[in-house]
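Reading the first sequence from the start, the letters are residues 1 to 312 in UniProt numbering.
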Amino acid sequence: MTNQNARSAESVAKNAAPGRTSTINTDDLIEWFAADARDLPWRGPEVDGWGVLVSETMLQQTPVARVMPIWREWMARWPKPSDLAATSQAEVLRAWGKLGYPRRAMRLHEAASAIASEHDDTVPSDVDTLLALPGVGTYTARAVAAFAYGKRAPVVDTNVRRVVARAVHGEGDAGNPSPNRDLADVDALLPSDDRDAARLSAALMELGQTVCTVKSPGCEICPIVADCAWQHAGRPAYAGPPKKVQRFAGTDRQVRGLLLDVLRRSEGPVQRPELDAVWHDAAQRDRALDSLLVDGLLEQTEDGRFGLPGEE
DNA sequence: CTCCGGGACA
DNA sequence: TGTCCAGGAG
């Protein structure tokens, strides 16, 4: 195992100066991950690119605990992209359940069709090819390349951004996302070897999720605390611009969720009054219903009822 | 920059 | 009640 970021006398000296950029010991992090990583189902050796793509899509803005049962069910029902592609949108939306952001399910369904028809039913390993798939963005494309195919690709999610902001830059937390800067920061940390780089990417995410957390970081058990610029700077509080908080209660998002839940739980299309019952504000209800139709998450039947797409 | 779900936990 | 959670797209 090679390590391009071995700690040097110079970097240790730099670490001692608060507020300065530091270099973390990537070997320590990789070793820690090998010993302490959680045993998540999509990390199994038998999991292929499809399993990783499904897990990464489900994990977008969604906690691990909620994803696990749904991911297992999907893998059992649809072990290959073509299996999902052959399924109706209505069935896919029901199986997505209450994971949230159901447009993800529609995009994954579209991606499965593209993979089946254009990529020989095999999830691509090339980042640019992955990026062309619906629902696959900067994060997911690199996560699949690294975790499924062991490639060297900077994988930057909210956790990695926080770890880098702290350990490398000595800041309390990351500011607004800046994709190019974030990718460059992480790229600079990655060993040149593909396998080691992929392991480090997984380790950085795991550290941010389980140790270097937002509220109560476990610095006392952190494998790279000796090199952490934030630690050396006295763990300063976040000093950047205030982060934007999105409301949920009372928003169109909530109404859309309530409407869709009626359809998920019904056998087939329902009459308008059944939908109207879920929300008091008629104008907002209509707006939400219309947006669901526009998004293709709902369809209207010939006789005026509403149902999940692709349903009779 | 705004919108897009939903649940758990302080 | 507020906050966070393996983001992506318009």
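Yeah, the Cβ is synthetic: ideal placement off N, Cα and C, and Gly gets one too.
Taking 8 angstroms as the threshold, find out whether the region 168–175 comes into contact with the region 107–125 through three or more Cβ pairs. no
Which value, in whole angstroms, describes the spacing of the CA atoms of VAL123 and ASP281? Counting from one through the first sequence, the residue named residue 123 turns up at place 123. Counting from one through the first sequence, the residue named residue 281 turns up at place 281. When rounded, the distance between both Cα atoms is 44 angstroms.
Counting Cβ pairs closer than 8 angstroms, one from the region 81–91 and one from the region 66–73, do we hit at least three? no
Rounded straight-line distance, which links the Cα of SER266 to that of PRO27: One-based indexing of the first sequence puts residue 27 at position 27. One-based indexing of the first sequence puts residue 266 at position 266. Sequence check: residue 27 is Asp here, not Pro. C-alpha separation (whole angstroms): 53 angstroms.
Determine the contact status of TRP230 and ALA165, defining contact as a CB-CB distance below 9 angstroms. Reading the first sequence from its first residue, position 230 is the one you call residue 230. Reading the first sequence from its first residue, position 165 is the one you call residue 165. Yes, the pair counts as a contact, with Cβ atoms nearer than the cut-off.
Three-pair Cβ contact test at 8 angstroms for the region 91–99 versus the region 127–138: no
Between which two residues does the alpha helix (DSSP H) carrying ALA174 extend? For this step, residue 174 is matched to residue 174 along the first sequence. Run containing ALA174: none; DSSP gives neither H nor E here.
Selection from GLY304, VAL160, TYR238 that minimises the alpha carbon distance to TRP206: Along the first sequence, one-based indexing puts residue 206 at 206. A small correction: the amino acid at residue 206 is Glu; Trp does not occupy that position in the sequence shown. Ranking the options by Cα distance to GLU206, first place goes to VAL160.
With three or more C-beta pairs closer than 8 angstroms as the rule, is the region 239–249 touching the region 175–182? yes
Please state whether the Cβ-Cβ distance between GLY296 and GLN89 is less than 9 angstroms. Here residue 296 refers to the residue found at position 296 of the first sequence. Here residue 89 refers to the residue found at position 89 of the first sequence. Contact: yes.
Straight-line Cα distance separating GLY310 from ASP39: Reading the first sequence from its first residue, position 39 is the one you call residue 39. Reading the first sequence from its first residue, position 310 is the one you call residue 310. Each residue's alpha carbon lies about 37 angstroms from the other.
Short of 8 angstroms in beta carbon distance, which residues of its chain neighbour PRO236, apart from the five on each side in sequence? Order them along the chain. Taking the first sequence and counting its residues from 1, one reaches residue 236 at position 236. Counting only Cβ-Cβ distances below 8 angstroms, and skipping sequence neighbours, we find GLY170, GLU171, GLY172, TRP230.
State the DSSP-derived secondary structure class of GLN60, mapped to helix, strand or coil. Numbered from 1 along the first sequence, position 60 holds the residue referred to as residue 60. Three-state DSSP puts GLN60 in coil, outside helix and strand.
Bridge partners - GLN300, DSSP secondary structure assignment: Numbered from 1 along the first sequence, position 300 holds the residue referred to as residue 300. DSSP, once it has assigned bridges, lists PHE306 as partnering GLN300.
Would you mind stating whether SER201 and ALA141 have Cβ atoms separated by less than 9 angstroms? Taking the first sequence and counting its residues from 1, the one referred to as residue 201 is at position 201. Taking the first sequence and counting its residues from 1, the one referred to as residue 141 is at position 141. No; because the gap between Cβ atoms is not below 9 angstroms, this pair is not in contact.
For LYS136, does the three-state DSSP call read helix, strand or coil? For the purposes of this step, residue 136 is taken as residue 136 along the first sequence, with counting starting at 1. The sequence shown places Val at residue 136, rather than the Lys named in the question. It is coil, neither helix nor strand.
Give a yes or no on contact between the region 103–111 and the region 251–267, applying the rule of three or more CB pairs nearer than 8 angstroms. no
Can you tell me whether VAL270 is helix, strand or coil according to DSSP? Mapped onto the first sequence, residue 270 falls at position 270. Looking at VAL270 - three-state DSSP - the assignment turns out to be strand.
Thinking just about the alpha-carbon of each residue, which of VAL127, ILE24, VAL92 is nearest to the one in GLU113? On the first sequence, residue 113 is found 113 positions in, with the first residue counted as 1. A small fix is needed here, since residue 113 is Ser in this sequence, not Glu. For SER113, the nearest C-alpha among the options comes from VAL92.
Please determine if the region 241–256 and the region 280–294 are in contact, where contact requires at least 3 C-beta pairs separated by less than 8 angstroms. yes
Does ALA76 pass the burial test, meaning 16 or more other C-beta atoms within 10 Å, or should it be called exposed? Mapped onto the first sequence, residue 76 falls at position 76. ALA76 should be labelled exposed.
Please state the DSSP three-state secondary structure of ALA277. Walking along the first sequence from the start, residue 277 turns up at place 277. Of the three classes helix, strand and coil, the one that applies to ALA277 here is coil, per DSSP.
State the DSSP-derived secondary structure class of ASP128, mapped to helix, strand or coil. The residue labelled residue 128 in the question sits at position 128 within the first sequence. Note: ASP128 maps to helix in three-state DSSP.
Is it buried or exposed, PHE33, if we count other Cβ atoms within 10 angstroms and call 16 or more buried? To locate residue 33, count along the first sequence from 1; it is residue 33. Classification of PHE33: buried, given that the 10 Å Cβ count is 16 or more.
Is it right to say THR301 is buried, meaning 16 or more other beta carbons lie within 10 angstroms of its own, or is it exposed? On the first sequence, residue 301 is found 301 positions in, with the first residue counted as 1. Exposed, because fewer than 16 other Cβ atoms sit within 10 Å of the Cβ of THR301.
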